[in-house]
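Numbering of the sequence shown is given in the numbering used here, commencing with residue 102 and proceeding in unit increments. Glycine included, every Cβ here is placed at the ideal spot set by N, Cα and C. These notes are about the structure you will find just below.
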Amino acid sequence: MKILMVTAEAAPFAKSGGLADMVSALSIALRKAGHDVRIVLPRYYSIDRGRLTQLEGPLGLSAGQREVWTAVYATVMPGTEDLPVYFIDHEESFGRDGIYGSPAEPDFHDNPVRFSVLCNAAFQICHKLNWTPDIIHGHDWPTALAPVLLKFDRRAHGFEKTASVFTIHNLGYQGVYPKQYYSFLGVNWEYFYDAGFEDWDHLNMLKAGLASSDMLTTVSPAYAREITTPEGGFHMEGILRRRQDRLAGILNGVDTDIWNPAQDKHLAKKYSYKTPAEGKIVNKKTLQQLFSLEENETVPIIGIVTRLADQKGIAELFGPAYGCMYRICTELKVQVVVLGSGEPWCEQELRALEHKLPNFRAFIGYDEVLSHRIEAGSDFFLMPSRYEPCGLNQMYSLLYGSLPIVRRTGGLADTVTQYNQETGEGTGFLFDYLSPQSVFDTVFWAVWTWYNKPKHIAVMRERGMKQQFGWDVAARKYAEVYEKALSVGAGH
Ligand code: ADP
């Protein structure tokens with residue numbers, strides 16, 4: 102199949118979260134399976150044009166009320182020989198400091214207009230290359246316009262046999278803006294309601310993608326169920342229930358070239374499930390040195406690597422007076438290491454906790470190398486997410502022998518199995534209700550197990566490290582979704 106990925110992010114070119122990794126890893130896996138995959142994304146300011154090749158001639162497109170001229174640059178996805186990546190170069194839209202926003206303007210006010218340039222250009226590039234995809238695959242609200250354009254316009258103009266697939270990576274971000282921006286999207290006003298844009302007299306980009314795509318996917322089976330309920334649906338549950346037969350939950354894979362303790366160059370000592378104990382101890386010691394913690398191999402380290410965002414349960418962990426971290430560090434014999442950035446109040450609270458507690462350390466910022474070292478050096482990994490579409494860190498933790506302590510939600514529920522105190526079965530510690538008390542109690546349980554059932558800890562660790570999260574399985578499932586999209590979408 103010929104597949105065009107339309108995306109705001111793709112690793113290693115532009116990344117703000119797990120979506121970037123998913124788009125690139127899935128594309129590579131599909132390419133390996135023999136599909137003709139291409140990726141199109143914006144040429145943000147941070148992407149050096151010097152490393153790319155410019156395609157001949159400009160790309161002209163009409164996006165609603167205006168005509169836009171862009172340049173197109175291209176390269177090949179690193180690690181492959183034949184997976185082209187195209188970059189839309191449009192200074193006015195993408196010549197800025199940031200993907201979705203900047204420190205001064207966290208959410209660029211004209212985002213729908215910027216990303217409409219990307220989505221319209223995606224179709225124009227196909228004309229330019231004389232290459233018509235079978236599937237146009239969009240990801241999250243910035244590219245929700247791609248399936249809409251296909252359904253309400255382009256299918257009549259050269260894309261008769263193309264079907265659309267749209268992946269929900271996070272339903273919490275919907276791209277809601279004043280409806281005046283609609284004039285710049287390139288979809289006729291008569292479709293404003295039919296295409297699903299209308300949301301309380303605003304423009305909801307994601308909603309239109311959900312309503313107009315031939316097939317929908319999300320990044321874990323449990324999240325696919327949760328988003329059809331009022332609790333997890335972010336008021337999209339109605340539309341998703343109606344389209345449930347078009348919705349598939351496919352668990353993301355892990356890039357095991359990067360996340361594999363047996364060949365991870367960032368670690369003080371590489372290790373595998375055959376030698377976890379020695380490997381973990383060396384990495385633990387290194388982590389304790391790095392964070393100036395007491396060097397003690399008997400005390401368990403709890404690691405946290407996260408965006409400091411409400412979704413991740415940061416209020417329950419770090420909320421002043423409310424959060425349970427102070428209790429964890431004072432009532433339990435543990436060390437805690439946090440890597441994260443995000444909400445300013447939370448960054449401040451992390452600094453305050455560090456001053457108060459000798460066994461609590463935080464590094465505020467984004468640091469890829471440190472995230473590997475924390476996974477390798479920790480004994481437990483805490484991720485009490487309010488909701489979690491897939492979550493990568495718990496999978497990394499399993500593979501690195503750091504037992505996950507997680508809330509039973511979304512991808513966390515699909516990847517971590519509950520510890521059984523009698524038999525030692527399971528791969529981690531789960532709780533259901535998100536409150537500081539239940540986070541504390543579950544951490545208490547994990548720490549109690551560490552001190553009292555060390556054999557169980559060792560078998561769980563080994564079990565976790567043997568898990569398979571390869572992308573090949575996910576790529577096969579996506580190929581099935583593409584087939585279904587073609588049968589229900591194109592020409593129907
Ligand atoms: P989300 O995409 O919601 O942030 P995921 O768990 O799916 O959550 O993916 C987050 C990715 O970003 C993981 O690869 C994680 O290691 C990485 N990450 C998050 N915060 C940081 C940080 N401060 N430093 C380094 N890596 C981080």
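Cβ of Tyr324 within 7 angstroms of any heavy atom in ligand 1? no
Around the Cβ of Ser194, are there at least 16 other Cβ atoms within 10 angstroms (buried) or fewer (exposed)? buried
Terminal residues of the continuous alpha helix (DSSP H) containing Asn494? 494-500
For Ser442, the first and last residue of its enclosing beta strand (DSSP E): 436-443
Could you tell me the boundaries of the beta strand (DSSP E) in which Asn163 lies? At residue 163 the sequence reads Ser, which differs from the Asn that was named. Ser163 -> beta strand (DSSP E) spans 160-164.
I'd like the span of the alpha helix (DSSP H) that includes Trp170, first residue to last. Not the alpha helix (DSSP H): Trp170 falls in the beta strand (DSSP E), residues 167-177.
Assigned secondary structure, Thr319 (DSSP; H/G/I helix, E/B strand, else coil): strand
Mapping DSSP to helix, strand and coil, what is Leu535? coil
Would you call the CB atoms of Ala115 and Leu160 closer than 8 angstroms? no
Going residue by residue through the stretch 227-280, where are the continuous beta strand (DSSP E) segments of at least 3 residues, counting only ones entirely within it? 236-240, 264-269, 277-279
Within 10 angstroms of the Cβ of Gly590, are there 16 or more other Cβ atoms? Answer buried if so, exposed if not. buried
Secondary structure of Asp211, DSSP reduced to three states: coil
My understanding is that Leu304 touches Tyr274, with C-beta atoms under 8 angstroms, so please give their C-beta distance in whole angstroms. Their Cβ separation, rounded to whole angstroms, is 14 angstroms, which puts Leu304 and Tyr274 out of contact at 8 angstroms.
Closer than 7 angstroms: Cys447 CB and nearest ligand 1 heavy atom: no
Whole angstroms is fine: what's the gap from Gln390's alpha carbon to Ile351's? 39 angstroms
Can you look up Pro377 in the DSSP assignment and give me helix, strand or coil? helix
Leaving aside the five residues before and after Pro331 along the sequence, list all residues of the same chain whose C-beta is less than 8 angstroms from its C-beta, in chain order. Glu338
Decide yes or no for the touch test of the stretch 163-172 against the stretch 197-210: beta carbon pairs closer than 8 angstroms, at least 3 of them. no
Taking the alpha helix (DSSP H) that His473 belongs to, which residues open and close that run? 469-478
When you compare each of Gly404, Gly529, Val560, Gly512 to His270 by their alpha carbons, which one comes out closest? Gly512
Assess, as a yes-or-no matter, whether the stretch 278-289 is touched by the stretch 227-240 under the definition of 3 or more beta carbon pairs within less than 8 angstroms. no
For the alpha helix (DSSP H) containing Phe419, name the first residue and the last one. 415-419
Decide if the stretch 398-405 is in contact with the stretch 473-484; the criterion is three or more beta carbon pairs, one per stretch, under 8 angstroms apart. yes
Would you be able to state if there are at least three C-beta pairs under 8 angstroms between the stretch 441-450 and the stretch 415-429? yes
Determine the direct distance from the alpha carbon of Cys220 to that of Glu192, and round the result to whole angstroms. 16 angstroms
Less than 8 angstroms separating the beta-carbons of Gly354 and Ala126? yes
Using a Cβ-Cβ cutoff of less than 7 angstroms, which residues in the same chain neighbour Leu471 once the five nearest sequence positions on both sides are dropped? Leu440, Phe464
Run through DSSP, which three-state label would Gly287 get? coil
According to the neighbour-count rule (16 or more other Cβ atoms, all chains shown, within 10 Å of its Cβ), is Trp549 buried or exposed? exposed
Return the residue from the list Trp242, Leu184, Val540 that minimises the CA-CA distance to Cys430. Val540
Go to Thr181, then tell me how far its beta strand (DSSP E) extends in each direction, as first and last residue. That residue, Thr181, is in no beta strand (DSSP E); it is neither H nor E in DSSP.
In chain order, what residues of the same chain have a beta carbon less than 7 angstroms from the beta carbon of Pro537, not counting five sequence neighbours either side? Glu417, Tyr423, Gly424, Cys425
Arg474 beta carbon less than 8 angstroms from that of His336: no
Within this structure, are the beta carbons of Glu398 and Ile382 separated by less than 8 angstroms? yes
Identify every residue that forms a DSSP beta bridge with Asp300. His303
Counting pairs of Cβ atoms below 8 angstroms between the stretch 307-322 and the stretch 580-587, do you hit three or more? yes
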